[in-house]
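Residue numbers (our numbering): 234 to 349.
Where a beta carbon is used, it is the ideal one built from N, C-alpha and C, also for glycine.
Here's the structure we're looking at; comments come further down.
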Amino acid sequence: QVQLVESGGGLVQPGGSLRLSCTASGRMFRVYTMGWYQQAPGKQREVASITAGGDTNYADSVKGRFTISRDNGQNTVYLEMNSLKPEDTGIYYCNSKNPISGDETWGQGTQVTLSS
234 QVQLVESGGG LVQPGGSLRL SCTASGRMFR VYTMGWYQQA PGKQREVASI
284 TAGGDTNYAD SVKGRFTISR DNGQNTVYLE MNSLKPEDTG IYYCNSKNPI
334 SGDETWGQGT QVTLSS
């Protein structure tokens with residue numbers, strides 16, 4: 234069973250930046266689809282960004298501001314968050330999906346709070 238450990242959340246002012254990290258256990262990281270999901274207060278969890286193979290996808294709300302990247306040698310996926318807005322507030326969850334078995338794992342979440 235894959236385990237995911239996230240870090241990097243915090244309190245930041247609008248316009249600021251944060252970088253989230255998610256490190257996975259196991260030896261198959263490079264084939265996993267990895268994603269970052271946002272759960273805003275009172276709302277359902279929604280995808281922010283996904284990376285699979287060499288492809289990346291972003292929610293319209295974060296395009297041009299967030300960048301997802303991965304280091305397969307370190308089993309880590311990152312989410313660089315720039316020009317942060319109050320609506321970016323929420324818990325950010327890392328997700329891994331094994332495209333072969335379909336197994337899916339969620340991290341524990343990391344809190345991002347925008348406050349002036």
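Between the CA atoms of Glu320 and Asp304 - distance to the nearest angstrom:
Their Cα atoms are separated by approximately 28 Å.
For Val280, which residues of its own chain have a beta-carbon under 7 Å away from its beta-carbon, when the five flanking residues on both sides are left out?
Gly268, Tyr270, Ala292
Please list, in chain order, all residues of the same chain as Leu244 whose beta carbon is under 7 Å from its beta carbon, the five residues on each side excluded.
Thr346, Ser348
DSSP on Val264, reduced to helix/strand/coil?
Helix, per DSSP.
Assign Asn290 to buried or exposed, taking buried as 16 or more other Cβ atoms, counted over all protein chains shown, within 10 Å of its Cβ.
Asn290 counts as exposed, since fewer than 16 other beta carbons sit within 10 angstroms of its beta carbon.
Using the DSSP secondary-structure output, state which residues sit across from Lys330 in a beta bridge.
Thr266, Glu337
Count the other CB atoms, across all protein chains shown, that sit within 10 Å of the CB of Gly286; report buried if there are 16 or more and exposed otherwise.
exposed
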